[in-house]
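Novice:
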Amino acid sequence: QDALDRHVDRHDERGHELSRLLLGENGLPVLNQAGFAGWNARYDDRGYIIARDYFGIDGRPQHTHRGFAGRRAEYDDLGHETSVLYVDEKGQPLPAGALVQEVATDSVAERAGIQPGDLLMVWNALPIRGSLSLQRYVEQSRTKAVKLSILRAGARRELRIQPGPLGVDVIDSRFPIPE
């Protein structure tokens, strides 16, 4: 694969960056470390990015290494992001969660059966939107067992989690809904 050499940007009349294409030394599109060759953006009337879609070398929509092909955002009157939605290559919403990277030996998570690669999705009926919400839920449940819904190899599973530190390293992630 050709090394990344430069990028070509396209802007609108307001100076907003509408697209970026990553090019190699040979002048052809290349994938970056995040797994895409470029992106397209859309802005609202106030100049806030409301959509960004990622594409591959062939120009077609492509998932990034984080598991999504696009991001949608809404803003309040003060310009603060009020909601974010991640989408797949077809523009369909993806569920949020915390992707397990590591499980500590002899931890609550290991005893419950959590494995690296599991997507933690629902903690005691509360949606896990990422690592911060997971951390908050674990702290709030220190003294009671809870139900955890996970996605493993495309299948949803329910686990019972005992009180105590969970013992997992996670990253925020978005994955396609299994069929």
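Numbering of the sequence shown is given in the numbering used here, commencing with residue 4 and proceeding in unit increments.
Glycine residues also receive a C-beta, built at the ideal position from the N, C-alpha and C atoms.
Would you decide whether ASP80 is buried or exposed? Buried here means 16 or more other CB atoms lie within 10 Å of its CB.
Specialist: Here residue 80 corresponds to residue number 77 of the sequence shown, with the count starting at 1. Exposed, because fewer than 16 other Cβ atoms sit within 10 Å of the Cβ of ASP80.
Novice: Going residue by residue through the stretch 33 to 99, where are the continuous alpha helix (DSSP H) segments of at least 4 residues, counting only ones entirely within it?
Specialist: The qualifying runs do not exist here; there are none.
Novice: Quick one, which of GLN95, ASP121 and ILE117 has its alpha-carbon nearest LEU102's?
Specialist: Numbered from 1 along the sequence shown, position 99 holds the residue referred to as residue 102. The shortest Cα separation from LEU102 among GLN95, ASP121 and ILE117 belongs to ASP121.
Novice: Note down, in chain order, each residue of its chain lying with its Cβ closer than 6 Å to the Cβ of HIS66, except the 5 sequence neighbours on either side.
Specialist: The count along the sequence shown starts at 1 and reaches residue 66 at position 63. Cβ neighbours of HIS66 beyond the five flanking positions: ALA72.
Novice: What residue range is occupied by the uninterrupted beta strand (DSSP E) comprising GLU161?
Specialist: Position 158 of the sequence shown, counted from the first residue, corresponds to residue 161. Taken as a continuous stretch (DSSP letters only), the beta strand (DSSP E) holding GLU161 covers 158 to 164.
Novice: Taking the alpha carbon of ASP109 as the reference point, which residue from GLN165, LYS150 and ARG160 has its own alpha carbon closest?
Specialist: As a working mapping, residue 109 is identified with position 106 in the sequence shown. Among GLN165, LYS150 and ARG160, the Cα nearest to that of ASP109 is on GLN165.
Novice: If you run the structure through DSSP and keep just helix, strand and coil, what is LEU151?
Specialist: By one-based count along the sequence shown, residue 151 stands at place 148. LEU151: strand per DSSP, three-state reduction.
Novice: Is it true that the stretch 81 to 100 meets the stretch 139 to 149, where meeting means three or more beta-carbon pairs spaced less than 8 Å apart?
Specialist: No, the stretch 81 to 100 does not touch the stretch 139 to 149.
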